[in-house]
Amino acid sequence: MTDAAKPITYASYLAIDELLNLQRPLSGEHDEMLFVVIHQTKELWLKQIIHELLLAKRHIQAGDLPPAFKCLSRVSRIQSVMTHQWDILSTMTPADYLAFRGSLGTSSGFQSNQFRRIEYLLGLKDPAFLKFHKERPAALSDLQSALDQPSLYDDAIKALADVGLNIPEAILNRDVTQPYEPSRAVEDAWLEVYSDTTAYWALYELAEKLVDLDDALLTWRHKHVITVERIIGQKMGTGGTPGVSYLQKTLERRAFPELWSVRTRL
Ligand code: HEM
540 MTDAAKPITY ASYLAIDELL NLQRPLSGEH DEMLFVVIHQ TKELWLKQII
590 HELLLAKRHI QAGDLPPAFK CLSRVSRIQS VMTHQWDILS TMTPADYLAF
640 RGSLGTSSGF QSNQFRRIEY LLGLKDPAFL KFHKERPAAL SDLQSALDQP
690 SLYDDAIKAL ADVGLNIPEA ILNRDVTQPY EPSRAVEDAW LEVYSDTTAY
740 WALYELAEKL VDLDDALLTW RHKHVITVER IIGQKMGTGG TPGVSYLQKT
790 LERRAFPELW SVRTRL
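Reading the sequence shown from the start, the letters are residues 540 to 805 in our numbering.
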């Protein structure tokens, strides 16, 4: 039978044999399989998040906000599933982890190109992370392009300007490769949206969808720090950072800063 004549089966459509051949623990220790599976499922969910964010951005750039909301809601739900996964990993004790930690060498979630791409797509831009991907041209090129293009937050700010809210030219034409600096003018524009939700319903809904994303990312980060402390205490990370103290600092990151600060003024 030619390939074209073969029936499509569950296994062939989903490439199940290839997929289930990709879990390759190095140590022979029982718990390493869980560690591999959790990281691989995370990368699959990150792939889906990127897929949704790219479509949401296209809709927002075209001024078509409602279809973007569906994508952003889906992202929040995926984030929530990812946060729940920490409960599975926390069944792994320090002794279980130490039994195979040596096999990881210097590898770390810190080097996940998809995680950084999501940070860049949202608006958390830091070119310092590019250097970890020099040996992987396709990953580097996707990351570079997310760094070079306006983020989801840049798109949202442009949407504010498009309905006539006052956004300074310097912000609309900013160098989007640089970290975003919070601005009083952008906060004022969001204040107008929240102060007259009937007039600005779509932007108001967009704002809350964005807060959902930032909130869920912080919740995921928080559960990560707790799980890490539970498993390795204050030891250094395999990726070379001080570990828990580094991760705690990431809890200060906000992709959409004025959407948080404006709340004080409402
Ligand atoms: C035994 C379990 C784990 C430990 C002890 C651990 C520890 C760490 C540490 C110490 C860091 C800081 C970088 C470094 O020095 O390595 C880090 C970063 C990171 N880890 Fe984990 N991790 C664990 C599991 C996971 C899992 C299961 C995921 C994903 C599902 C994950 C995703 C990440 C990501 C994305 C970063 C980068 C965070 C950032 O820079 O904002 N980690 N991890």
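Think of the CB as a built atom: it goes at the ideal place given N, C-alpha and C, for glycine as much as any other residue. The structure presented is a predicted model; accordingly, all values stated were derived computationally and were not measured.
- Residue 698 is positioned such that its CB atom lies closer than 7 Å to that of residue 599.
- Non-local beta-carbon contacts of residue 751 in its own chain, meaning distances under 6 Å to residues more than five positions away in sequence, involve 615 in chain order.
- Cα atoms of residue 630 and residue 678: separation of roughly 32 Å, rounded to the nearest angstrom.
- Scanning its chain for C-beta atoms nearer than 8 Å, with the 5 sequence neighbours on each side dropped, one finds around residue 675 the residues 652, in chain order.
- With a cut-off of 6 Å, the C-beta of residue 617 is classified as distant from ligand 1, since no heavy atom of the ligand falls inside that distance.
- Distance between residue 760 and residue 558, taken at the CA atoms: about 27 Å.
- Its Cα nearest to that of residue 611, the residue 593 stands out among 593, 668 and 730.
- Note that the region 676–695 does not touch the region 635–646; fewer than 3 beta-carbon pairs, one per stretch, sit closer than 8 Å.
- Assignment of residue 701 by DSSP, reduced to helix, strand and coil, places it in the helix class.
- Contact annotation, residue 647 with residue 565: C-beta distance approximately 15 Å; criterion of less than 8 Å not satisfied.
- For residue 604 against residue 745, the beta-carbon gap comes to about 6 Å, under 8 Å, which counts as contact.
- By alpha-carbon distance to residue 623, the top candidate from 580, 799, 747 and 791 is 580.
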